[in-house]
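Here's the structure, in structure tokens; my notes come after.
Residue numbers (this note's numbering): 801 to 946.
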């Protein structure tokens, strides 16, 4: 769940990072054209070329990283969201099965007519009882006895 916090705001953070890096890229491009700071620093050769490209392309590298952050964040959040939906659906299915089981039991119980007193011992039938609690005789009125 720590990753959920990390990726929760990946879209707005990523877009803000891209906008900031576009501004930096444009600023660096302007400085590369107008103010050649590195050229006047006395650095020459491969180091000069490396620093020149590094300063110029760093915002582009960060833009790519922010885009990757957005994409990975969106994929991860969809996955987490689907897992949460799946868990919620499983909970609903489980609850529905339990309710259906109770309803089936009630329907089975209501399908028959029952004696109010036991035909064997005469004791009163408790609510939702199918057999006598004293002698164990069936309290269901058979169809052919009606």
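Built from N, CA and C at the ideal position, the CB exists for glycine as well.
Owing to the predicted nature of the structure, the values given are computational and were not obtained by experimental measurement.
The beta-bridge partner set that DSSP reports for residue 938 consists of 931. Shortest Cα-Cα distance from residue 823 to any of 862, 898, 907, 899 involves 862.
Linking residue 916 to residue 878 through their CA atoms gives a straight-line distance of about 59 angstroms. The count of Cβ pairs closer than 8 angstroms, one atom from the segment 842-851 and one from the segment 881-896, stays below three, leaving the stretches out of contact.
Remark: C-beta atoms of residue 828 and residue 853 do not approach each other more closely than 7 angstroms.
By the beta-carbon neighbour count (other beta carbons within 10 angstroms, threshold 16), residue 936 is exposed. Bridge pairing for residue 924: 917 [DSSP]. A contact is defined here as three or more CB-CB pairs under 8 angstroms, and the segment 888-898 fails this definition with respect to the segment 922-932. At a Cβ-Cβ threshold of 7 angstroms, residue 866 and residue 817 count as neighbours. If you compare the alpha carbons of 869, 830, 864 with that of residue 813, the shortest gap goes to 869.
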